[in-house]
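Engineer:
There are 2 protein chains.
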Amino acid sequence: MSDLPASIHIHEEGPREGFQIEPGPISSVDKVRLIEALSETGLKSIQACSFVNQRLVPGWADAEDVVAAFRATPGIAYSALWFNDKGLERALAFRDKLSLSGTISLSASEAFNRKNLHRSHAENLEAMRKQTALHLAKGVPVKRIGVMAAFGCNFQGDIAPAEVVRTLRDGLGVAAEFDIEISRLSLADSMGWATPPRIERVIGEVRSAWPDKEISLHLHDTRGMAVANAMAGLRMGVRSYDSTVGGLGGCPFAGQKGAAGNICTEELVMLCEEMGVATGVDLEKLIEVGRMAEAIVGHPLPSELLHGGALAAFRRAAA
Amino acid sequence: MSDLPASIHIHEEGPREGFQIEPGPISSVDKVRLIEALSETGLKSIQACSFVNQRLVPGWADAEDVVAAFRATPGIAYSALWFNDKGLERALAFRDKLSLSGTISLSASEAFNRKNLHRSHAENLEAMRKQTALHLAKGVPVKRIGVMAAFGCNFQGDIAPAEVVRTLRDGLGVAAEFDIEISRLSLADSMGWATPPRIERVIGEVRSAWPDKEISLHLHDTRGMAVANAMAGLRMGVRSYDSTVGGLGGCPFAGQKGAAGNICTEELVMLCEEMGVATGVDLEKLIEVGRMAEAIVGHPLPSELLHGGALAAFRRAAA
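Residue numbers (the working numbering), protein chains in the order written: chain A, 1 to 319; chain B, 1 to 319.
(1) Is the shortest distance between the beta-carbon of T195 (chain A) and the beta-carbons of chain B less than 9 angstroms?
(2) Measure from the alpha carbon of A137 (chain A) to the alpha carbon of each residue in A:D85, A:A108 and A:L98, then state which is nearest.
(3) Tell me the rounded alpha-carbon separation between D3 (chain B) and L271 (chain A).
(4) How many whole angstroms separate the CB atoms of S45 (chain B) and H11 (chain B), which I take to be in contact at a CB cut-off of 8 angstroms?
(5) When you compare each of B:G246, B:G146, B:L305 and B:I263 to L34 (chain B) by their alpha carbons, which one comes out closest?
(6) For chain A, check one thing: does any of its Cβ atoms lie closer than 9 angstroms to the Cβ of G308 (chain B)?
(7) Between the alpha carbons of P196 (chain A) and I145 (chain A), how many angstroms are there, rounded?
(8) Check for me: the beta strand (DSSP E) holding E40 (chain B) runs from which residue to which?
(9) Hey, is M236 (chain B)'s beta-carbon within less than 9 angstroms of any beta-carbon in chain A?
(10) In chain A, what lies closer than 8 angstroms to P23 (chain B) by C-beta?
(11) Taking the C-alpha atoms as reference points, what is the distance between V52 (chain B) and L100 (chain B)?
(12) Rounded to a whole number of angstroms, what is the C-alpha to C-alpha distance between G308 (chain A) and A48 (chain B)?
(13) From the DSSP output, which residues share a beta bridge with A188 (chain A)?
(14) Got a sec: which bits of the region 217-244 of chain A sit with their beta carbon under 7 angstroms from any beta carbon on chain B, in order along the chain?
(15) So that I know if they touch, is there some Cβ in chain B lying closer than 9 angstroms to that of S303 (chain A)?
(16) Within 9 angstroms (strictly less), CB to CB, does R166 (chain B) reach chain A?
(17) Taking just the CA atoms, how far does T222 (chain B) sit from E288 (chain B)?
(18) Using a Cβ-Cβ distance cut-off of 9 angstroms, determine whether D189 (chain B) contacts chain A.
(19) Report the residues of the region 153-177 of chain B with a CB closer than 8 angstroms to any CB of chain A, ordered along the chain.
(20) In terms of residue numbering, what span does the beta strand (DSSP E) encompassing A77 (chain A) cover?
(21) Buried or exposed: which applies to A162 (chain B), given that a residue is buried once 16 or more other Cβ atoms fall within 10 Å of its Cβ?
(22) Assess, as a yes-or-no matter, whether the region 185-192 of chain B is touched by the region 219-238 of chain B under the definition of 3 or more beta carbon pairs within less than 8 angstroms.
(23) Among the candidates A:A175, A:A160 and A:V147, whose CA atom is the shortest distance from the CA of T132 (chain A)?
(24) Is the beta carbon of L185 (chain B) closer than 9 angstroms to that of E214 (chain B)?
(25) Just the Cα atoms here: how many angstroms apart are A318 (chain B) and A111 (chain A)?
(26) Pull up the DSSP beta-bridge partners for C49 (chain B), would you.
(27) Going along the chain, which residues of its own chain have a beta-carbon closer than 6 angstroms to the beta-carbon of A254 (chain A), five neighbours each way excluded?
(28) Candidates B:R55, B:H299 and B:G14: which alpha carbon is nearest D242 (chain B)'s?
(29) DSSP puts L106 (chain A) in a beta bridge; with which residues?
(30) Is any beta-carbon of chain A found at less than 9 angstroms from that of G14 (chain B)?
(31) Any contact between the region 278-294 of chain A and the region 197-206 of chain B? By contact I mean 3 or more CB pairs, one from each, below 8 angstroms.
(32) Counting along the chain, where does the alpha helix (DSSP H) carrying S7 (chain B) start and finish?
(33) Residues of chain B with CB under 8 angstroms from A150 (chain A), in chain order?
(34) Check whether the region 149-161 of chain B touches the region 118-126 of chain B, taking contact to mean three or more Cβ pairs, one atom from each stretch, closer than 8 angstroms.
(35) Which full runs of the beta strand (DSSP E) of 3+ residues lie inside the region 6-33 of chain A, going along the chain?
(36) Quick check on E322 (chain A): buried or exposed, where buried means 16 or more other Cβ atoms within 10 Å of its Cβ?
Written as structure tokens, this is what we have:
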């Protein structure tokens with residue numbers, strides 16, 4: 001347990017992930033309520049919305065309304081997601097309120113590239129070159145490389161750790177062309193293929209290749225392994241995690257209707273806090289927000305902890 | 001990872017746990033169907049029913065009908081649960097078909113004893129003395145001590161590992177009075193308080209005290225930690241686990257309506273098989289049975305893997 005970090009950073013993606021996938025409609029007012037409630041929990045990084053094609057993602061057709069309306073809490077970085085020039089332009093209109101930064105976003109699975117992004121890895125690299133140039137031209141920093149399907153892929157099967165290293169190397173190559181410094185390597189278990197030993201192997205190989213870069217984990221609970229995988233990440237010293245309150249979201253990929261989404265923020269917080277790893281999050285407040293999220297979407301969310309309740313309340317009652 | 005076992009033994013409790021808590025009514029025919037389907041998955045130990053007061057647990061009022069009806073598969077140990085003389089008598093009527101064995105069942109939490117069993121630890125020990133005498137008189141072996149609330153308690157809060165050791169010592173004292181050999185110590189996270197480090201501490205202390213006795217884990221997923229806890233158990237070399245298909249069951253304890261039940265068998269199997277720990281279970285068949293269980297109870301079960309699907313099918317499709 002020597003590598004357990006003293007604290008972790010949580011990047012809350014509940015609003016963005018959740019409302020992009022819920023059949024809805026969900027009112028802008030409810031989206032604002034959720035963002036503001038999350039802001040009261042101690043979370044320091046909240047992905048508030050997605051600037052995407054509203055025909056493809058009707059749940060975020062009101063991104064502008066939501067971003068304009070929510071009351072930002074000082075000290076919290078509110079971010080947004082976009083995939084193209086148009087999305088970036090929409091985000092730039094809120095550059096005073098949102099914390100904008102770009103990602104070189106790749107996939108370790110060539111089959112996933114073709115099925116999900118409709119282009120080859122080489123074509124995707126070229127797209128990332130163009131996007132990076134655009135980000136930099138607009139004064140948006142690019143400090144992160146994201147690798148989707150880093151632990152396995154529904155379309156390609158198992159992904160060798162070497163494939164992840166190669167993908168990251170290609171991304172770092174793009175970054176080098178622009179002379180930018182990448183500080184974070186984000187590894188995404190986009191389709192829930194990770195298990196603890198797989199997490200350890202991939203992180204081990206990535207860290208051997210780039211010992212100075214921070215690794216972050218984006219875990220999905222598609223097959224119930226997310227908390228165990230976060231535990232493996234913690235013991236490998238990983239200090240940065242994406243998660244969604246209540247497990248909001250879900251897997252938009254083919255063949256997995258009804259599958260769970262991201263790791264639940266509250267289960268990640270419980271895991272950490274019970275081990276003395278600080279998160280800065282008030283778990284009981286967060287669980288309240290999770291219940292609010294459940295009421296907003298109108299159906300049970302996959303988080304078990306939402307329904308089981310925090311230990312603290314039982315500890316107090318027992319004292 | 002040096003302590004990872006080569007294989008584990010799974011004790012499937014889905015039928016017993018599930019049908020005792022479901023609001024039902026669920027037909028005897030469906031219960032039989034589930035037991036027989038589980039028998040086709042490679043599981044070697046299945047708890048088929050509960051011989052309990054039918055006013056308290058109407059879901060098992062038909063225990064006799066179900067046990068009489070299911071087709072037993074050779075090589076599988078079918079077990080049952082009972083709490084008193086009357087239950088034992090009912091079970092004894094099926095001693096040719098069921099594998100009957102007794103447990104010295106204790107709780108590490110005095111508050112849980114009083115709230116759940118309505119007696120003190122001392123009174124419970126006395127009850128276990130009487131029950132053990134009865135078991136032995138009827139030719140039912142007693143080889144196991146079970147400790148409920150071994151990792152924490154909704155009524156008492158945290159439970160020190162030393163309390164678990166003391167509880168086991170008391171149970172072993174009862175066994176010694178009868179000159180019987182206890183081979184298995186079962187530690188139950190009855191209310192979902194365990195986290196991986198807590199699992200390690202408790203197992204460490206129990207194993208130090210009794211290095212030769214097999215430890216088994218009965219994990220609940222009340223707060224989403226069950227798979228991570230099983231992982232911790234595996235790395236501590238624990239080779240025996242209780243679980244329920246689909247996560248059937250739920251927590252019958254106060255204040256936790258809607259909380260998840262036991263660790264899902266299929267998620268336990270996936271965790272193990274992906275790490276090379278043999279379970280003897282055909283995961284894809286088991287997931288099919290989980291879906292059958294979901295159809296029988298008529299609502300979604302908490303297992304994520306049921307909805308995410310086994311990796312094997314995706315591997316085949318990708319190959």
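All residues carry an ideal CB built from backbone N, CA and C; glycine is no exception.
Structural biologist: This is what the structure holds:
(1) Taking the first sequence and counting its residues from 1, the one referred to as residue 195 (chain A) is at position 195. Yes, T195 (chain A) lies at the interface with chain B (some Cβ there is under 9 angstroms from its Cβ).
(2) For this step, residue 137 (chain A) is matched to residue 137 along the first sequence. The residue with the shortest Cα to Cα distance from A137 (chain A) is A:D85.
(3) Position 3 of the second sequence holds residue 3 (chain B). Position 271 of the first sequence holds residue 271 (chain A). Answer to the nearest angstrom: the Cα atoms are 23 angstroms apart.
(4) Translated into positions along the second sequence, residue 45 (chain B) becomes position 45. Translated into positions along the second sequence, residue 11 (chain B) becomes position 11. That belief holds up - the Cβ atoms of S45 (chain B) and H11 (chain B) are roughly 5 angstroms apart, short of 8 angstroms.
(5) If you number the second sequence from 1, residue 34 (chain B) lands on position 34. Out of B:G246, B:G146, B:L305 and B:I263, B:G246 has the C-alpha closest to the C-alpha of L34 (chain B).
(6) Reading the second sequence from its first residue, position 308 is the one you call residue 308 (chain B). Interface residue, yes.
(7) Reading the first sequence from its first residue, position 196 is the one you call residue 196 (chain A). Reading the first sequence from its first residue, position 145 is the one you call residue 145 (chain A). One C-alpha to the other measures close to 22 angstroms.
(8) Walking along the second sequence from the start, residue 40 (chain B) turns up at place 40. Counting along the chain, E40 (chain B) falls outside any beta strand (DSSP E), and DSSP gives it neither H nor E.
(9) Taking the second sequence and counting its residues from 1, the one referred to as residue 236 (chain B) is at position 236. Answer no: the Cβ-Cβ gap between M236 (chain B) and chain A never drops below 9 angstroms.
(10) As a working note, residue 23 (chain B) is residue 23 in the second sequence. Those within 8 angstroms of P23 (chain B) in chain A number zero; the least Cβ separation is about 16 angstroms.
(11) On the second sequence, residue 52 (chain B) is found 52 positions in, with the first residue counted as 1. On the second sequence, residue 100 (chain B) is found 100 positions in, with the first residue counted as 1. For V52 (chain B) and L100 (chain B), the distance between alpha carbons rounds to 15 angstroms.
(12) Here residue 308 (chain A) refers to the residue found at position 308 when the first sequence is read from its first residue. Here residue 48 (chain B) refers to the residue found at position 48 when the second sequence is read from its first residue. Looking at the two C-alpha atoms, the distance is approximately 27 angstroms.
(13) Mapped onto the first sequence, residue 188 (chain A) falls at position 188. A:H218, per the DSSP bridge assignment.
(14) D221, T222, R223, G224, M225, V227, A228 and M231
(15) Reading the first sequence from its first residue, position 303 is the one you call residue 303 (chain A). True, the Cβ-Cβ gap to chain B drops below 9 angstroms.
(16) Counted from its first residue, the second sequence places residue 166 (chain B) at position 166. So no, R166 (chain B) is outside the interface.
(17) Here residue 288 (chain B) corresponds to residue number 288 of the second sequence, with the count starting at 1. Here residue 222 (chain B) corresponds to residue number 222 of the second sequence, with the count starting at 1. Their Cα atoms are separated by approximately 24 angstroms.
(18) Looking up residue 189 (chain B) in the second sequence gives position 189. It does not; no Cβ of chain A falls within 9 angstroms.
(19) C153, N154, F155, Q156, G157 and D158
(20) Locating residue 77 (chain A) in the first sequence gives position 77, counting from the first residue. Segment A77 to W82, the beta strand (DSSP E) holding A77 (chain A).
(21) As a working mapping, residue 162 (chain B) is identified with position 162 in the second sequence. With fewer than 16 Cβ atoms within 10 Å of its Cβ, A162 (chain B) is classed as exposed.
(22) yes
(23) Here residue 132 (chain A) corresponds to residue number 132 of the first sequence, with the count starting at 1. Per the Cα distances, A:A175.
(24) Mapped onto the second sequence, residue 214 (chain B) falls at position 214. Mapped onto the second sequence, residue 185 (chain B) falls at position 185. Cβ atoms of E214 (chain B) and L185 (chain B): closer than 9 angstroms.
(25) For the purposes of this step, residue 318 (chain B) is identified with residue 318 of the second sequence, where counting begins at 1. For the purposes of this step, residue 111 (chain A) is identified with residue 111 of the first sequence, where counting begins at 1. A318 (chain B) and A111 (chain A): Cα-Cα distance of roughly 9 angstroms.
(26) Position 49 of the second sequence, counting from 1, holds the residue named residue 49 (chain B). For C49 (chain B), which the question treats as bridged, DSSP gives the partners B:A80.
(27) Locating residue 254 (chain A) in the first sequence gives position 254, counting from the first residue. A caution first: A254 (chain A) carries a pLDDT of 43, below 50, which makes its placement in the model too unreliable to give a value.
(28) For the purposes of this step, residue 242 (chain B) is taken as residue 242 along the second sequence, with counting starting at 1. Among B:R55, B:H299 and B:G14, the Cα nearest to that of D242 (chain B) belongs to B:G14.
(29) Along the first sequence, one-based indexing puts residue 106 (chain A) at 106. In the DSSP output, where bridge partners are listed per residue, L106 (chain A) has A:V147.
(30) Within the second sequence, numbered from 1, the residue matching residue 14 (chain B) stands at position 14. False, the Cβ-Cβ gap to chain A never drops below 9 angstroms.
(31) no
(32) On the second sequence, position 7 is the one that residue 7 (chain B) refers to. No alpha helix (DSSP H) holds S7 (chain B); DSSP gives it neither H nor E.
(33) Position 150 of the first sequence, counted from the first residue, corresponds to residue 150 (chain A). Within 8 angstroms Cβ-Cβ: nothing; A150 (chain A) doesn't reach chain B, min ~15 angstroms.
(34) no
(35) 9-12
(36) It is not possible to answer for residue 322 (chain A), since the shown part of chain A is limited to 1 through 319.
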